[in-house]
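Contents: one structure, followed by commentary.
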Amino acid sequence: MAPKTKSSEKSSAAKKGSKVKVGSSAASKADPLFPARPRPSRIGGAIRPRGRDLSRFVKWPLYIRLQRQRSILYQRLKVPPAINQFTKTIGKNEATTVFTLLNKYRPETPAAKKQRIKEAAAAEATGAKVEAKVPHQIKFGLKHVTTLIEEKKADLVLIANDVDPVELVLWMPALCRKMGVPFMIVKDKARLGALVHQKTAACLCLVGVNKEDKQTLSMLQTAAKDKFNNNADLTKKWGGGMMGLKTKAKLEKRAKAVAAEEAKKAAAGRIH
Numbered sequence: 001m002a003p004k005t006k007s008s009e010k011s012s013a014a015k016k017g018s019k020v021k022v023g024s025s026a027a028s029k030a031d032p033l034f035p036a037r038p039r040p041s042r043i044g045g046a047i048r049p050r051g052r053d054l055s056r057f058v059k060w061p062l063y064i065r066l067q068r069q070r071s072i073l074y075q076r077l078k079v080p081p082a083i084n085q086f087t088k089t090i091g092k093n094e095a096t097t098v099f100t101l102l103n104k105y106r107p108e109t110p111a112a113k114k115q116r117i118k119e120a121a122a123a124e125a126t127g128a129k130v131e132a133k134v135p136h137q138i139k140f141g142l143k144h145v146t147t148l149i150e151e152k153k154a155d156l157v158l159i160a161n162d163v164d165p166v167e168l169v170l171w172m173p174a175l176c177r178k179m180g181v182p183f184m185i186v187k188d189k190a191r192l193g194a195l196v197h198q199k200t201a202a203c204l205c206l207v208g209v210n211k212e213d214k215q216t217l218s219m220l221q222t223a224a225k226d227k228f229n230n231n232a233d234l235t236k237k238w239g240g241g242m243m244g245l246k247t248k249a250k251l252e253k254r255a256k257a258v259a260a261e262e263a264k265k266a267a268a269g270r271i272h
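Taken in order, the sequence shown gives residues 1 to 272; the numbers are from the numbering used here.
Laid out in structure tokens, this is it:
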């Protein structure tokens, strides 16, 4: 084999040097399309197991935790009748009838009211007859509805079942019973609010309806009096007092142990 010459040694050294330079430039230059994302090794960095519900480990927002804790407390503690009556809402069919009727008497938007006044002014200017009477519409607002109930002007009152704090409307069913005004407890404050162009509404009432809807209103008034005004159970029946699963299991286990102990004593007494 022929010995290597100086030129061949130089070319091989140049090749080796060029390889080193190429490798170093590739390492320093990162690909923008696929950036390196090292996997975190801290708590929570593990891959989520498939087919397992981890919702109980989620740290839910405060308002969700509060409403869940409140619902559990209402089940565990003894709830007085004045508060417990707000869990007895009207059924789906009745609610459909009520909200269909109320949807016809939604209050005017500011733009609609402005247009009506403008048209009335234009009609008056031309000498035409103008209807001075404002069309029937839903009344809302806690103070306004309370005044209408006290004056016995309200034909039907709707109270939301999820008002917070409940003390805002706690006394209203008693006032309606005293004044003889039919009332209903419905789900929920957001649905009532949507009728009057608000986010929520604690209570609503109807003061009057058109001639074609009087029969429907009369039917709803009768249903309200039967289910709420004249229902004695609402004012007497307590709520809550339901034990949790763990407590029930513990009491069952204790009862079985007591029964087994009594059986042993009875068997021992027979032997002696």
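All residues carry an ideal CB built from backbone N, CA and C; glycine is no exception. From a predicted model like this one, the values you see are computed outputs, not experimental measurements.
Per DSSP, cross-strand counterpart(s) of residue i
i: G240; result: K78
Residue i: first and last residue of the uninterrupted alpha helix (DSSP H) it sits in
i: I185; result: Looking at the DSSP string, I185 is not in any alpha helix (DSSP H); the run it does join, the beta strand (DSSP E), is F183 to V186.
i: N230; result: Careful: N230 lies outside any alpha helix (DSSP H) and carries neither H nor E.
i: F99; result: K92 to N103
i: G193; result: K189 to L195
i: R177; result: M172 to M179
Helix, strand or coil at residue i according to DSSP, with G and I counted as helix
i: V207; result: coil
i: A128; result: coil
i: V163; result: coil
i: K288; result: Residue coverage of the chain in this structure runs from 1 to 272, which leaves residue 288 outside it and unanswerable.
i: V157; result: strand
i: K29; result: coil
i: F140; result: strand
i: T146; result: helix
i: P289; result: What is shown of the chain runs 1 to 272, which leaves residue 289 out entirely.
i: E212; result: helix
i: A257; result: helix
i: Q198; result: coil
i: A36; result: coil
i: E151; result: coil
i: R70; result: helix
i: K88; result: coil
i: G269; result: helix
i: L118; result: Rather than Leu, the amino acid found at residue 118 in this sequence is Lys. Three-state DSSP puts K118 in a helix.
i: A123; result: helix
i: A263; result: helix
i: R52; result: coil
i: A46; result: coil
i: S41; result: coil
Through-space distance from residue j to residue i, alpha-carbon basis
i: G193; j: R116; result: 23 Å
i: L62; j: S55; result: 15 Å
i: G196; j: F140; result: Checking the displayed sequence, the identity of residue 196 turns out to be Val instead of Gly. Roughly 8 Å between the two C-alpha positions.
i: D226; j: R177; result: 12 Å
i: G23; j: R50; result: Low per-residue confidence applies at G23: pLDDT is 49, beneath 50, and the placement is therefore not dependable, though the value from the model is reported in the following sentence. C-alpha separation (whole angstroms): 41 Å.
i: L102; j: G241; result: 37 Å
i: P275; j: R39; result: Here the chain has residues from 1 to 272 only, and residue 275 is not among them.
i: V169; j: I83; result: 10 Å
i: E124; j: V186; result: 43 Å
i: M184; j: R65; result: 29 Å
i: A160; j: E94; result: 15 Å
i: T89; j: M243; result: 23 Å
i: A266; j: P80; result: 43 Å
i: T87; j: A112; result: 37 Å
i: R191; j: A259; result: 53 Å
i: F228; j: P182; result: 8 Å
i: R52; j: F34; result: 31 Å
i: P173; j: L251; result: 38 Å
i: G45; j: W60; result: 19 Å
i: L175; j: A257; result: 52 Å
i: K104; j: Q85; result: 28 Å
i: V98; j: L220; result: 7 Å
i: A122; j: M179; result: 43 Å
i: D341; j: L142; result: Residue 341 lies beyond the stretch modelled for the chain, which goes from 1 to 272, so this question has no answer here.
i: I72; j: K199; result: 26 Å
Chain D within 8 Å of residue i, Cβ atoms only
i: T89; result: The structure shown contains no chain D, having only a single protein chain.
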